[in-house]
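**Student:**
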Amino acid sequence: MRKLQATIAITVTLLVLAPSGMAQQPEKYLLLATNRTGTMQDELNAAGARGYRFAGAQGGETAFGGREAVVIMALDPEGRRFRYILLATNRTGTMQREMNEAPPEYNFAGMTVFSSTFGGREAAVILEAEITDD
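Structure follows, in structure tokens:
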């Protein structure tokens with residue numbers, strides 16, 4: 071018991087005395103999950119602005135969220151930043167048109183199919199562009 075108390079005391083002391091200016095390392099991965107495409111695009115752009123890049127997506131049932139689109143973002147090792155457009159539709163012709171109408175700096179990053187909250191299945195395509203300081 072005394073050994074445990076001593077270990078806890080040392081740990082607490084080290085945490086208190088640790089320099090407060092030490093930079094905390096960002097997480098290597100982020101997991102985004104939502105059932106609204108507008109919300110997902112906002113979350114993709116927020117993560118992209120912080121240096122995360124799209125790594126994968128899947129749609130389906132989650133344990134707590136119901137029908138959701140789930141996206142994995144990975145910290146870009148080169149420190150680049152990105153912005154995203156998320157397109158979602160249940161019509162392939164509409165998807166093709168929207169992809170071709172996207173600004174030219176956006177490139178295909180990935181896609182998934184998920185069940186929408188209004189019923190039916192939608193294809194979701196994620197387009198990505200690097201943020202440059204030009």
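Residues 71 to 204 (this note's numbering) make up the sequence shown, in order.
Cβ atoms here follow ideal geometry from the backbone N, Cα and C, with glycine treated the same way.
1. Around the C-beta of Y154, are 16 or more other C-beta atoms found within 10 angstroms, so that it is buried, or is it exposed?
2. Evaluate Q95 with the Cβ neighbour count: other Cβ atoms within 10 Å of its Cβ, from every protein chain shown; 16 or more gives buried, anything less gives exposed.
3. If you draw a straight line from the alpha carbon of Q111 to that of T104, how long is it in whole angstroms?
4. Among residues of its own chain, excluding the 5 on either side of A158, which ones have a beta-carbon nearer than 6 Å to its beta-carbon?
5. Please report the distance separating the alpha-carbon of R150 from that of S185.
6. Let me check one thing: in DSSP terms, what residues is M169 bridge-paired to?
**Tutor:** On the basis of the supplied data:
1. As a working note, residue 154 is residue 84 in the sequence shown. Around the beta carbon of Y154, a 10 Å sphere encloses 16 or more other beta carbons of the protein chains shown; the residue is thus reported as buried.
2. Looking up residue 95 in the sequence shown gives position 25. Counting other Cβ atoms within 10 Å of its Cβ, Q95 stays below 16 and is therefore classed as exposed.
3. On the sequence shown, residue 111 is found 41 positions in, with the first residue counted as 1. On the sequence shown, residue 104 is found 34 positions in, with the first residue counted as 1. Taking the straight line from one Cα to the other gives about 10 Å.
4. Position 88 of the sequence shown, counted from the first residue, corresponds to residue 158. If the five residues before and after A158 are omitted, its C-beta is found closer than 6 Å to the C-beta atoms of T107, E192 and A194, all from its own chain and listed in chain order.
5. As a first step, residue 150 must be located in the sequence shown, where it is residue number 80. As a first step, residue 185 must be located in the sequence shown, where it is residue number 115. When rounded, the distance between both Cα atoms is 32 Å.
6. Counted from its first residue, the sequence shown places residue 169 at position 99. According to DSSP, M169 bridges with nothing at all.
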